[in-house]
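Below: one structure, written as C-alpha cells.
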Amino acid sequence: MKIEPESPNHEYARERDMDAFWKAAIPLHEPINKRWYIPAALLLMVIGAPWLWPAGEEGPVFAGLPVWVWVTIGASLGLSVLTAFGALRLWRDDGEEE
Amino acid sequence: METSEFHLGNRALIVMGVYLVVMLALGWAGRRSRKEESLRDFYLAGSTFGFVVLFLTLFATQYSGNTLLGFAGRSYRQGATYIVSVMFMTAVITVFTIYAPRLVRLARTFGYITPADYVYHRFGSPALHIAAVLLLVWGLANYVLENLVAMGHAMVTISDGSISFMWGVIILVVVMLTYETLGGMRSVAWTDVVQGTILLAGLGCILFMLLTVDGGLVAAHEVIARDASDKLAAPKADGMRAWYSNMILLGFGVAVYPHAMQRLFAAKSLRTLRVSLAGMAFMPLTTTLLAFLMGYLALSRFPELSSFESDRVTILVLIDMTEGSPFTFWLVVLIFAAIVAAIMSTADSALLSISSMFTKDIYKVYINKEATPHHLLLVGKIFGWCLIAVLVFMAWISQRTESSIWLLILLKLEFMVQISPMFVLGIHWKRLPAWAVLAGVIAGTGITLTIWGGVMAGLWDNRSPWNVSAGVWGLLVNYAICIGGGLLRPDPIDQGLRRT
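Protein chains in written order, with my numbering: chain R, 1 to 98; chain U, 99 to 598.
As C-alpha cells, this is what we get:
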C-alpha cells in the first residue's frame, strides 16, 4: 500500500467519503476476525486474577513468591503468546509483505 | 556507606556525561539524515523505521522512568497484588492488536500524522477533534511532568547530591530538547535505540542481582512473611475490584498513548510492525515484572518508608546491594544509566507528540491555515521549548508538596482513557455517531472530575468509590453512552459495506 504524500490539513473536511474510509479501514485479516480471539484474551485475564484463591491468605509458596502470583505470571505469559500469535499470524494485509 | 555513595556518584557522573554526548551526536546525525522539510519527515521520520529501530523505540517509549521507579514504589506499598501490573501491560498490546490493524491501514492510506487526524476523519466533528486533542495533550503533558520529576530524583542520586534536583532536570531537559529539535522523530527514535539497549542491559543486571544478592527472593520472602504478611495475601473482594479497575484503566489508557500510535504510523512496513508488536507482547515479563520484584525485595530491606520515599525504592535497593560488593558497582551504574535512558526516551517521545498535535491539529487548523511546512516546524519547536519551560517550573513546584509519582499517573490516565471508545469502538462500528462519542467523553471526564473535585473540596474522601478508580466509572458511562448512541442510530451506512 502506497503512503500518500503529506496531506493538506483537514482535507477530510471536504472529502469525507465514508465509503472510501471504511473500504480503506478493513484489512485482509485482523485478529478480531477470529471469534475466539477476544474471549481467549478475557479468559486468560480471568485465570490470571487471583479470585479463586482464599482471600486474605498467602497460600502455598514457591521460589520466594506465593503460588497465586506465579499463576498470574503464567496467565500473563499466555496472554503474551496469544497476542504475539494475533500480531504475527492473524493480521495480514494485501501488498504489505515485501 | 557514605564512601560507597561518593564513589558511585563520581564515576557514574562520567558515564552520564558520555551518555549525554552520545545523545547529542545522535540528534545531529538525525538532522543530517532528514529527507525533506515536512511534518511527515520530522514527526514520523518519513515512515521509514525497520524492525530494530521500531521495536526499540516502542520499548523505550512504553517503559518509562515511572515503570522502574513508580511501579516499584507501588509494588512496595501494595504488596504482591501489584503483580496485576504485568498483566495490564500485556493487555495493552492485546488492545493494540484489536484496533491497530485498521488504524495503521487508514494512516498509511490517508497520510495521518497524529491520532487526532483519524478522529477528525472518522467523525467529522471539530468539537470532538478539539476534545480529543485536549485530552491527549493534557495526559501527555502530565506524562512529561512525571518524567521530569523522575529525572531530578535520578540525577540527585547519581551525583550523590552534588547536582541539585532542579539542575538535574534542567541538564537532561536541555540535552533532550536539543536532539529533538535537531532531528525530530528520527533523532528521538535513534536515541531510543541506544536508550532501549541500555535499558535491556540494565534489566538483565537487575534480574541477576535480584536472584543472587543476599539470598534473592527466597530470603526476602522469609522477612516479608514475618514482618508484613498482609502484603503477600491474595486480595479480598475490594482488592479484586481494584485489580479489575487497574486492568481497565491501564489496559485501555496506555493503549491510546498518542506517541505509541505515532510509532505505529512510522513503521516502514506492516511486517516490521507486526513483528515488533509480537516482541512487545513479551516485554512486560522482562520489564514490569522486574519493577514489581524490585518493590517486593524492598519490602524486606526498607520496611518503614513513607509513600513519597517509596517511589525511590528501586534506587535504594540498588545502592543497598552495591555495599561490600565491588563486582556489582558497574552493574549498578549501568542500571542507573538505564533508568535515566528510560525516563528521557519516554519524555522526548511524549513531548514530540504534543508538539505534533499542537502544530498539525490546532495551529494549522484553527490559527494559521496557510502556514508552510517550514513555518509549522518552527512553531512546533518553539512550542516544545515553551511547554517544557512551564513543565520544569511545575516540577519545581511539585518538590514542595508530598505528592507521589503514582498520583500524577492517575491524573493523566483517568482523563486520557476517555478517548479510547473513539479508537477501540469507533474503528470497528460504523454506527457509532460523533455526538455519542462527544457526549461520552464529556460525561466520562465530568464524572472523573466530579469525584476528584469532591475529594479536593472535602465533600468525600475517596477517589475510588467501591475501590474502582474515578476514571473507570467515567469510562463505563462513556462506553454506555457510545453504545446507546450507536444503537439509537438508523443503520443505513452499514448497507453494502459489510465485511466479507
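The beta-carbon is built from N, C-alpha and C at its ideal position, and this holds for glycine as well.
Determine the closest residue to residue i out of the options, with distance taken between C-alpha atoms.
i               : options                           : result
G78 of chain R  : R:A20, R:I47 and R:F21            : R:I47
G237 of chain U : U:I441, U:H357 and U:R203         : U:H357
S374 of chain U : U:F147, U:D139 and U:A110         : U:F147
M187 of chain U : U:V352, U:I549 and U:V539         : U:V352
S260 of chain U : U:S496, U:C484, U:L111 and U:A189 : U:L111
A435 of chain U : U:C303, U:R132 and U:S223         : U:C303
Q176 of chain U : U:D215, U:A332 and U:L156         : U:A332
R16 of chain R  : U:G569, U:S454, U:W571 and U:V217 : U:V217
L432 of chain U : U:M307, U:F400 and U:E278         : U:M307
D602 of chain U : U:I417, U:A448 and U:I269         : Shown here, chain U extends from 99 to 598; a query on residue 602 of chain U therefore has no answer.
I322 of chain U : U:G556, U:F221 and U:E402         : U:E402
H472 of chain U : U:I495, U:L118 and U:R138         : U:R138
Please say whether residue j and residue i have beta carbons closer to each other than 9 Å?
i               : j               : result
L315 of chain U : L429 of chain U : no
I413 of chain U : H251 of chain U : yes
H655 of chain U : S398 of chain U : Since the first residue of chain U shown is 99 and the last is 598, residue 655 of chain U is not available in this structure.
A299 of chain U : A364 of chain U : no
G294 of chain U : T179 of chain U : no
L348 of chain U : L166 of chain U : no
E135 of chain U : L475 of chain U : yes
A493 of chain U : V254 of chain U : no
M442 of chain U : V273 of chain U : yes
G538 of chain U : V575 of chain U : yes
M419 of chain U : D328 of chain U : no
A541 of chain U : G572 of chain U : yes
V477 of chain U : Y197 of chain U : no
D290 of chain U : T384 of chain U : no
Y141 of chain U : S453 of chain U : yes
Evaluate residue i with the Cβ neighbour count: other Cβ atoms within 10 Å of its Cβ, from every protein chain shown; 16 or more gives buried, anything less gives exposed.
i               : result
Y64 of chain R  : According to the sequence displayed, residue 64 of chain R carries Gly and not Tyr. The residue in question, G64 of chain R, is buried, as its Cβ has 16 or more Cβ neighbours within 10 Å.
S404 of chain U : exposed
R596 of chain U : Summary for R596 of chain U: the model assigns pLDDT 45, below 50, so the residue's position carries little reliability; its value from the coordinates is reported in the next sentence. So R596 of chain U ends up on the exposed side.
G86 of chain R  : buried
C580 of chain U : buried
P31 of chain R  : buried
M554 of chain U : exposed
K462 of chain U : buried
W504 of chain U : The predicted position of W504 of chain U is uncertain, since its pLDDT is 47 and thus under 50; a value taken from the coordinates is nonetheless stated next. It counts as buried.
D215 of chain U : buried
L536 of chain U : buried
P519 of chain U : buried
I346 of chain U : buried
I480 of chain U : exposed
G582 of chain U : exposed
P213 of chain U : buried
N344 of chain U : buried
M283 of chain U : buried
D325 of chain U : exposed
D459 of chain U : buried
R498 of chain U : exposed
K467 of chain U : exposed
I73 of chain R  : buried
So residue i is in the alpha helix (DSSP H); what residue range does that whole segment cover?
i               : result
A198 of chain U : V182 to F208
I517 of chain U : Counting along the chain, I517 of chain U falls outside any alpha helix (DSSP H), and DSSP gives it neither H nor E.
V46 of chain R  : Y37 to G48
Y141 of chain U : L137 to L142
G222 of chain U : Per DSSP, G222 of chain U belongs to no alpha helix (DSSP H) and is neither H nor E.
I480 of chain U : P471 to S496
W558 of chain U : No alpha helix (DSSP H) contains W558 of chain U, which DSSP labels as neither H nor E.
V566 of chain U : Here V566 of chain U belongs to no alpha helix (DSSP H), and DSSP marks it neither H nor E.
V316 of chain U : G314 to D325
A448 of chain U : F427 to M455
K23 of chain R  : M18 to A25
W527 of chain U : Per DSSP, W527 of chain U belongs to no alpha helix (DSSP H) and is neither H nor E.
E407 of chain U : S405 to S408
I346 of chain U : A335 to A353
Residues of chain R with a CB under 8 Å from the CB of residue i: which are they?
i               : result
G583 of chain U : Within 8 Å Cβ-Cβ: nothing; G583 of chain U doesn't reach chain R, min ~17 Å.
What does residue i touch in chain U if you count any residue whose Cβ is under 8 Å from its own?
i              : result
P54 of chain R : A332
P27 of chain R : P199, R200 and R203
R16 of chain R : H219 and G222
Can you pull the chain R neighbours of residue i, defined as C-beta to C-beta under 7 Å?
i               : result
A318 of chain U : G64
S443 of chain U : Ordered by position in chain R, no residue passes the 7 Å Cβ test against S443 of chain U, which lies about 22 Å from the chain.
Starting from residue i, find everything on chain U with Cβ-Cβ shorter than 7 Å and list it in chain order.
i              : result
G48 of chain R : M185
P60 of chain R : Going along chain U, no residue has its Cβ under 7 Å from P60 of chain R, so there is no contact; the nearest lies around 11 Å.
L77 of chain R : L383
Could you work out which residues of chain B lie near residue i, taking near to mean beta carbons separated by less than 8 Å?
i              : result
P31 of chain R : Note that chain B does not occur in the displayed structure, where the protein chains are R and U.
Against residue i, what residues of chain U qualify as contacts under a CB-to-CB distance less than 9 Å, listed in chain order?
i              : result
L88 of chain R : R372, V373, L375 and A376
Taking residue i as the query, report the chain R residues whose CB atoms sit under 9 Å from its CB, ordered along the chain.
i               : result
L387 of chain U : I73 and S76
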